[in-house]
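The opening position of the sequence shown corresponds to residue 1 in the working numbering, with each subsequent residue numbered one higher. Some notes on the structure that comes next.
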Amino acid sequence: MKLPKELIEKFKEPFISELENYINSDVELIVKVKSKRLLENKNGKKYLLITFEDKTGILRAIDWFNAEKNNSKVDVGNVVRVNGKIVLYDGRLQLNVHQDSDLIVLNENEYSYERFVSESKIPVDEIISKLFEIIESIRNKKLKQLLEEIFKNDKELFNKFKNSPAGLKVHHNYIGGLAEHSITVAKMCDNVAKIYPWLDRDILITGALLHDIGKIYDYEINSKGIEITQTGELIGHIVMGYEIVNEKIKKLNLRGISEKLLHMILSHHGELEWGSPILPKTPEAFVLHMIENLDSKLNRIQNIKEKELETNPNKKWSDFDPNLGRRLLLKHTERG
Numbered sequence: 001m002k003l004p005k006e007l008i009e010k011f012k013e014p015f016i017s018e019l020e021n022y023i024n025s026d027v028e029l030i031v032k033v034k035s036k037r038l039l040e041n042k043n044g045k046k047y048l049l050i051t052f053e054d055k056t057g058i059l060r061a062i063d064w065f066n067a068e069k070n071n072s073k074v075d076v077g078n079v080v081r082v083n084g085k086i087v088l089y090d091g092r093l094q095l096n097v098h099q100d101s102d103l104i105v106l107n108e109n110e111y112s113y114e115r116f117v118s119e120s121k122i123p124v125d126e127i128i129s130k131l132f133e134i135i136e137s138i139r140n141k142k143l144k145q146l147l148e149e150i151f152k153n154d155k156e157l158f159n160k161f162k163n164s165p166a167g168l169k170v171h172h173n174y175i176g177g178l179a180e181h182s183i184t185v186a187k188m189c190d191n192v193a194k195i196y197p198w199l200d201r202d203i204l205i206t207g208a209l210l211h212d213i214g215k216i217y218d219y220e221i222n223s224k225g226i227e228i229t230q231t232g233e234l235i236g237h238i239v240m241g242y243e244i245v246n247e248k249i250k251k252l253n254l255r256g257i258s259e260k261l262l263h264m265i266l267s268h269h270g271e272l273e274w275g276s277p278i279l280p281k282t283p284e285a286f287v288l289h290m291i292e293n294l295d296s297k298l299n300r301i302q303n304i305k306e307k308e309l310e311t312n313p314n315k316k317w318s319d320f321d322p323n324l325g326r327r328l329l330l331k332h333t334e335r336g
């Protein structure tokens, strides 16, 4: 992941993505513990194998000197300060922890969450410009008025929308992820409406932009990264989204648009067992479910491929992904 110059200059300690410039050099890092294993070699010497991460990637590390001590000090999820030497091992970067280096667990006020929460690769200005372009294309005056009320007039709601993630782990789980996902789904729905002109394009696009609006209250970003809120845990984004849109419709006294639009918000997960209280029962609701599910899965697949190949460029198959229910082919080799 390439970082902007101003972000690199803000932090003294390098990000993982920069470490190829530090091969055979000593470094001090601030990283999060992704996994750890206390192991023993064939001679009976114990060592600690750790996987560190930040928002730019993951890094294998090995501690030959203070394995048991450091293993007892840190837990998965801790943010630590560590010193060591960057080397190439089996074609991959590795941190060899220094003999005199203890893993120092940092408090929340000793590091910035910006190290660990990724941002959309698409510039926020580009995302928002496309959002307003889509809104301008809506011909139904009531739907356009509703979208302008939400995204132009309600500044607090709009700021939450453009900065919120769309997920905790599965898809678009980064700053700006909600806006990116919503605009992508709207663009894809627009293309479907061109192929099937009998669809109600305006209600379809409006539903696409608003289907996940409740997620502005689902997640919060803090020093631990992205966490689900109490509201998100107890109520969830489908109900919250329904309430947000319904309140705006009532405020503007927009008659004749609520039922179909609110149905799309309630049914966009597609199945009762996937969290929707009702199945999609209009053509536009059905399209929205299929498209938003497609975008979610493609984003998940993209993230898996990037992270797996970053760790091991020669890896052919991904690890099993429980959300997709399968492994993924990362590199195709022609047979014969």
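Even glycine gets a Cβ: it sits at the ideal position worked out from N, Cα and C.
Thinking residue i and residue j are a contact (beta carbons under 8 Å), I'd like their distance in whole angstroms, please.
i	j	result
SER101	GLY84	6 Å
GLU68	LEU38	7 Å
ASN254	LYS142	In the sequence as displayed, the identity of residue 254 is Leu instead of Asn. Contact holds; Cβ gap of about 5 Å.
VAL87	ASP63	Contact doesn't hold; Cβ gap of about 14 Å is too wide.
ILE127	GLY57	Incorrect: roughly 24 Å between the Cβ atoms, too far for contact.
LEU29	GLU13	6 Å
LEU131	ILE195	Not confirmed; about 23 Å, so no contact.
Look up residue i in the DSSP assignment and say whether it is helix, strand or coil.
i	result
VAL245	helix
THR51	strand
ALA61	strand
ILE30	strand
ASN253	coil
ASN140	coil
ASP321	strand
ARG201	helix
LEU330	coil
ASN222	strand
GLY236	coil
LYS315	coil
VAL105	strand
ARG115	helix
SER129	helix
TYR217	helix
Below 8 Å between beta carbons: does that hold for residue i and residue j?
i	j	result
VAL106	ILE249	Sequence check: residue 106 is Leu here, not Val. Result no, Cβ atoms of LEU106 and ILE249 do not sit closer than 8 Å.
ASP190	ILE205	yes
LEU95	LEU59	yes
LYS331	LYS316	yes
ARG92	ASP54	no
ILE338	LEU210	The question about residue 338 has no answer here: the residues shown for the chain are numbered 1 through 336.
VAL74	VAL33	yes
LYS297	LEU324	yes
ILE301	LEU329	no
Going along the chain, which residues of its own chain have a beta-carbon closer than 7 Å to the beta-carbon of residue i, five neighbours each way excluded?
i	result
TYR174	VAL117, SER118, GLU119, SER120, PRO165
GLY232	TYR217, ASP218, TYR219
ILE226	VAL117, PRO165, LEU168, ASN173, TYR219
THR282	LYS260, HIS263
VAL245	LEU210, ILE213, LEU261, LEU262, ILE265
GLU9	With a pLDDT of 44 at GLU9, under the threshold of 50, the modelled position of that residue is not reliable, and the figure given next carries that caveat. Excluding positions up to five away in sequence, the list is empty.
Hey, out of the options, whose CA is closest to residue i's CA?
i	options	result
VAL31	LEU252, SER223, TRP317, PRO280	SER223
HIS237	HIS268, LEU95, LYS260, VAL33	HIS268
LEU294	VAL170, LYS142, GLU308, ILE257	VAL170
GLU284	ASP319, TRP317, ALA208	ALA208
PHE161	TYR113, ASN66, HIS181, ASP54	HIS181
ARG201	ILE135, ILE62, ALA179	ILE135
GLN99	GLU108, ILE138, VAL82, LEU88	VAL82
LEU48	ASN71, ILE278, GLU133	ASN71
VAL287	SER129, ILE278, GLY270	GLY270
LYS45	PHE65, LEU309, ASN21	PHE65
GLU108	VAL79, GLU133, THR333, ILE122	VAL79
ILE122	VAL27, ASN163, LYS144, LYS251	ASN163
LEU299	ILE228, LEU178, GLU310	Looking at the sequence shown, residue 299 is not Leu but Asn. Residue LEU178 is the option with its Cα nearest to ASN299.
ASP321	ALA193, ASN303, THR333	ASN303
PRO277	LYS187, LEU309, ILE235, SER318	ILE235
LYS187	GLU133, GLU334, GLN230, GLU310	GLU133
GLU148	GLU273, SER318, LEU252, HIS289	LEU252
Using a Cβ-Cβ cut-off of 8 Å (strictly less than) and excluding sequence neighbours within five positions of residue i, which residues of its own chain qualify?
i	result
SER35	ILE50, THR51, VAL76
GLY241	LEU210, HIS211, ASP212, ILE213, GLY214, LYS215, ILE265
PHE158	ILE150, PHE151, LYS152
VAL239	GLY214
PRO197	none
ILE23	ILE86, VAL87, LEU88, LEU93
TYR111	ILE30, VAL79, SER223
LEU7	Confidence is the limiting factor: at LEU7 the pLDDT is only 46, short of 50, which leaves the residue's position unreliable, though a coordinate-based value still follows. For LEU7, where only same-chain residues beyond five positions count, the Cβ hits under 8 Å are GLU114.
LYS307	GLY57, ILE58
PRO313	GLY91
ILE203	ASN140, LEU143, ILE257, LYS260, LEU261, MET264, GLU284
GLY275	GLY236, ILE238, HIS269
LEU199	VAL192, ALA193, PRO283, GLU284, VAL287
THR333	LYS316
Between which residues of its own chain and residue i is the CB-CB distance below 6 Å, once the five residues before and five after are set aside?
i	result
VAL185	ALA208, ILE291, GLU292, ASP295
ILE16	ASP54, THR56, GLY57, LEU59
ASP26	LYS85
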